[in-house]
Amino acid sequence: MLREAGCRERVVVHCCTVAAVAEEMLKNIKADRPLVMAGSLLHDIGRSVDNGILHAVIGGEMVEKKGFSSDLVNIIRKHTGAGLDDIDVEDLGLPPGDYMPRTIEEKVVAHADNLVSDNRVVGHRHSAERLRDKGAFRGAARMESLHWELSKLYGMDLDIIPEEIGEYPDLRWLSH
Ligand SMILES: [Fe+2]
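Numbering (this note's numbering), first residue to last: 63 to 238.
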């Protein structure tokens with residue numbers, strides 16, 4: 063679907079890497095696995111159209127048009143950082159709506175994405191720093207708290223994941 067939509071190979075590899083991180087989280091976190099996998103793999107499908115902040119909204123619409131569930135659409139819409147609050151939504155000029163991950167599946171995908179930089183699995187501080195560099199201090203704090211919320215459910219600091227699965231995990235399992 064990503065390739066069909068026109069995503070670059072780099073985006074495909076990124077999405078597969080996010081799926082590998084989410085899969086590792088699900089070893090200890092109870093969630094709907096097929097939904098998390100679909101959300102991880104498709105979260106950036108909107109990048110085929112726009113690489114800015116709108117890619118999440120566009121991606122959600124693309125998947126909605128294909129007739130997928132609103133659960134999946136919401137995972138995609140809400141995957142930016144650890145979500146966006148009403149102030150962010152207004153500042154960024156996004157269409158009004160809820161952009162905060164609330165279900166466990168929405169949270170796992172959003173944060174698995176925070177633990178992947180391009181094709182590399184990283185600790186959460188890497189992405190928190192990037193948000194601070196952009197001046198998104200509330201977003202960075204929100205991400206820290208999502209990190210600890212999910213780490214608690216995982217039973218360990220999720221920053222162990224790059225060690226657990228490798229910085230460049232084997233993605234071949236995803237192809238069958
Ligand atoms: Fe994204």
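By construction, the Cβ of each residue, glycine as well, lies at the ideal position given by its N, Cα and C atoms.
Short of 8 Å in beta carbon distance, which residues of its chain neighbour residue i, apart from the five on each side in sequence? Order them along the chain.
i: residue 167; result: 93, 94, 97, 98, 101, 133, 137
i: residue 212; result: 87, 91, 169, 170, 173, 220
i: residue 206; result: 186, 190
i: residue 114; result: none
i: residue 218; result: 90
Which of helix, strand or coil does DSSP assign to residue i?
i: residue 201; result: helix
i: residue 101; result: helix
i: residue 75; result: helix
i: residue 182; result: strand
i: residue 70; result: coil
i: residue 59; result: Residue 59 is absent from the model: the chain starts at 63 and stops at 238.
i: residue 108; result: helix
i: residue 169; result: helix
To the nearest angstrom, how far is the alpha carbon of residue i from that of residue j?
i: residue 124; j: residue 117; result: 10 Å
i: residue 140; j: residue 222; result: 25 Å
i: residue 108; j: residue 225; result: 30 Å
i: residue 157; j: residue 185; result: 31 Å
i: residue 165; j: residue 209; result: 15 Å
i: residue 77; j: residue 127; result: 20 Å
Please work out which residues of its chain come closer than 6 Å, Cβ to Cβ, to residue i, disregarding the five sequence neighbours upstream and downstream, and give them in chain order.
i: residue 111; result: 120
i: residue 202; result: 190, 193, 194
For residue i, I'd like the list of residues in its chain whose CB is within less than 7 Å of its CB, leaving aside the five on either flank, ordered along the chain.
i: residue 81; result: 99, 102, 103, 236
i: residue 216; result: 87, 90, 91
i: residue 151; result: 158, 161
> How would the residue list near ligand 1 read, in chain order, if you kept each one whose beta-carbon is closer than 7 Å to any heavy atom?
Replying inline: 105, 106, 109, 117, 118, 141, 142, 175
>> Ignoring anything shorter than 4 residues, give me the alpha helix (DSSP H) runs that lie fully in the segment 125-161, in order along the chain.
In response: Correct list: 132-139, 148-153.
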